[in-house]
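Throughout the sequence shown, residue numbering follows mature numbering (1 follows the signal peptide of the UniProt record, and there is no 0), covering -19 to -1, 1 to 517 in sequence.
Here a beta-carbon is modelled for each residue, glycine too, at the ideal position from N, C-alpha and C.
Take a look at the structure below.
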Amino acid sequence: MMIRFCFLLLLLLLPLVAAEDPYRFFTWNISYGDIYPLGFKQQGILINGQFPGPEIYSVTNDNLIINVFNNLPEPFLLSWNGVQQRRNSYQDGVYGTTCPIPPGKNFTYTLQVKDQIGSYFYFPSLGFQKAAGAFGAIKVLSRPKIPVPFPDPADDFSLLVGDWYSLPQQRLRAVLDGGHRLPFPQALLINGRANVTSFTVEQGKTYRLRISNVGLQNTLNFRIQGHNLKLVEVEGTHTEQTTYSSLDVHVGQSYSVLITADQTPKDYYIVVSTRFTSKVLTSTATLHYSNSQQPVSGPIPAGPTTQIDWSIQQARSIRTNLTASGPRPNPQGSYHYGLVNVSRTIILESSAAQVQGKQRYAVNSVSFIPADTPLKLADYFKIDGVFKVGSIPDRPSGKPMYLDTSVIGADFRAFVEIVFQNHENIVQSWHLDGYSFWVVGMDGGVWTPASRNEYNLRDAVSRCTTQVYPKSWTAIYIALDNVGMWNVRSEFWARQYLGQQFYLRVYSPVESSRDEYPIPKNALLCGRAVGRTPRL
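Right, here's the structure in full:
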């Protein structure tokens, strides 16, 4: 009888054991090394000797254990652009939440791509190291039992595109520290090279391209000679499958498109070029048909001839596919965000000005300065004087620009409307760590409450990075269901570095592990957190 009972108990426990999500282990060595993106030697930041870094391939709910050894002569941090750290901002990899990895030391990131799919990337978030490399693609595939709204492609390629400088990142940082603006970049790269990358396809087959703008400041237009792009996914959201001849990809954004090799067998240009710039930079790669006997030929296809109007119409046309499953079996559109009452409206206005004789950038007149201790650690250990909740107002104040460690407080489970107001003549790009949000509206001029009449409250795309056009506004809705300290920043990296960012503290007074994971056992402690003992 006892044997039979034990056998039955084992049968009951087996599903629990088997239910644990898979683990994927990575060991990364960070070092300086020689790279040749423009055909001459530069100093780049390598991961395991690679530039760009290794691709992270994963499946929904996988646990990613990434042990990072810092062999640089300076501190280092990696952040995960778009990969939401559920209840775990300690793993976010920005200085407001995490101590940098000291030279000669290591830190193990423990991430879970919980209930996520999609295309993302990682990058170094400290200082201006992003200008030296150490970025790479992240693919999160659907679990096998969850249907995807298109047939399996013949292959799945990642394309990391972005602007690039011939100056080393230390020189670029010195320019900014000296109170000056960055010069115009020298080139555009596709997967770390200018004009030399090739992708091989077979005639008649369909391929997925995941395009991420990992650059520092420029919107890029992406196109392929003689081929259409069918958009299928944006930063974790399956989209309506709209076909475009080219696609604007703003800084920090990621898109998935399908292309079919249905043209005459030859080689074709893959093109990226800068948008909204007086001088246009262009770089090319090659789409190589496996049975091609003819190299690329003819003029490089030109990008859109119209500027803002074309781009804003394209952005508005990107909608969520409400009939597709997301990372779970239920349809993506089952969350009716348009029927939820907004509990708070935050209006964020960017500005540029000289402060103490140096160029600075701000949000609602506050130009962010880093504290001596990561804000999340100060919050956890209750260290006074590091930051103050409410140090940045909810609305533009009209005050002259000033410096502060800016933090907005927000309640757990609040449903918030944020309006990005752009009075400048440039396209801006904004990112929110830890969340995806619905881009419900965008238009020219100044936002007013009447602008809500234009909102898309049915099938707006959910993503983590959005653009704001010149002299325009963009509105987003966010369900604040992720407790933590989260970075809201300009994706123009010089602006972020010079103060155009702040932290959103999503707080629950319960302090339960159901709402937020405890501080990691391997957490690095720095600043005023050194020597502190985590609570049991």
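Checklist entry - When the Cβ atoms of the segment 289 to 296 are set against those of the segment 448 to 460, are three or more pairs found closer than 8 Å? => result yes
Item to check | Meets three-Cβ-pair contact criterion under 8 Å: the segment 113 to 125 and the segment 315 to 329 | outcome: no
Item to check | alpha helix (DSSP H) segment containing isoleucine 290, residue limits | outcome: As written in the sequence, residue 290 is aspartate, which differs from the isoleucine given in the question. 289 to 298 is the span of the alpha helix (DSSP H), which, as asked, contains aspartate 290.
Item to check | Secondary structure, beta strand (DSSP E): runs of 3+ residues fully inside the segment 167 to 208 | outcome: 168 to 171, 179 to 182, 187 to 194 and 201 to 205
Checklist entry - Hey, how far is the Cα of asparagine 69 from the Cα of valine 367? => result 21 Å
Checklist entry - Where in the segment 89 to 114 do unbroken runs of the beta strand (DSSP E), each at least 3 residues long, occur, reported from the N-terminal end onward? => result 99 to 105
Item to check | Closest Cα partner of glycine 160 within the set Gly338, Tyr225 and Arg191 | outcome: Gly338
Next on the checklist: I'd like to confirm the pairing. Which residues does DSSP put opposite lysine 357 in its beta bridges?
Outcome noted: DSSP lists no partner for lysine 357.
Item to check | Separation of serine 193 from proline 166, as counted between CA atoms | outcome: 18 Å
Checklist entry - Since serine 39 and lysine 120 are thought to touch, with beta carbons under 8 Å apart, how far apart are those beta carbons, to the nearest angstrom? => result 7 Å
Checklist entry - Just checking, does the segment 183 to 199 make contact with the segment 141 to 149 on the three C-beta pairs under 8 Å criterion? => result yes
Checklist entry - DSSP state of asparagine 272, grouped into three classes? => result coil
Next on the checklist: If I measure Cβ to Cβ from threonine 258 and keep anything under 8 Å in the same chain, skipping five residues before and after, which residues do I get?
Outcome noted: Phe165 and Asn199
Checklist entry - Is DSSP giving phenylalanine 32 helix, strand or coil here? => result coil
Checklist entry - Is it right to say arginine 152 is buried, meaning 16 or more other beta carbons lie within 10 angstroms of its own, or is it exposed? => result exposed
Checklist entry - At what residues does the alpha helix (DSSP H) containing aspartate 158 begin and finish? => result 150 to 158
Checklist entry - Around the C-beta of histidine 412, are 16 or more other C-beta atoms found within 10 angstroms, so that it is buried, or is it exposed? => result buried
Next on the checklist: Between the alpha carbons of leucine -11 and lysine 95, how many angstroms are there, rounded?
Outcome noted: Its pLDDT being 36, under 50, leucine -11 is placed unreliably by the model, and the measurement read from it follows with that caveat. The straight-line gap from Cα to Cα measures roughly 29 Å.
Checklist entry - Alpha carbon to alpha carbon, how far is glutamine 482 from valine 469? => result 6 Å
Item to check | Distance between beta carbons of glutamine 23 and proline 105, contact taken as under 8 Å | outcome: With 8 Å as the limit, proline 105 and glutamine 23 do not qualify as a contact, their Cβ atoms being about 16 Å apart.
Checklist entry - Is the number of C-beta pairs between the segment 399 to 406 and the segment 451 to 465 that are closer than 8 Å three or more? => result yes
Checklist entry - Is leucine 45 buried or exposed, if buried means 16 or more other CB atoms sit within 10 Å of its CB? => result buried
Next on the checklist: In this structure, how does DSSP classify glutamate 330 when only helix, strand and coil are distinguished?
Outcome noted: strand
Next on the checklist: Taking the alpha carbon of glycine 425 as the reference point, which residue from Val442, Asn406 and Phe418 has its own alpha carbon closest?
Outcome noted: Asn406
Item to check | serine 493 (DSSP reduced to helix, strand or coil) | outcome: coil
Checklist entry - Run through DSSP, which three-state label would tyrosine 458 get? => result strand
Item to check | Local conformation of glycine 319 per DSSP, three classes | outcome: helix
Checklist entry - When you compare only the Cα positions, how much space is there between glutamate 492 and leucine 506? => result 21 Å
Checklist entry - CB-CB under 7 Å to glycine 314, same chain, minus the five flanking residues each way: which ones, in chain order? => result The pLDDT assigned to glycine 314 is 48, lower than 50, so where the model puts this residue is not dependable; a value taken from the coordinates is nonetheless given after this. If we look at glycine 314 and ignore the five residues flanking it on each side, its Cβ neighbours are Thr301, Leu303 and Asp440.
Checklist entry - Starting from alanine 118 and walking both ways along the beta strand (DSSP E), at which residues does that stretch end? => result 117 to 122
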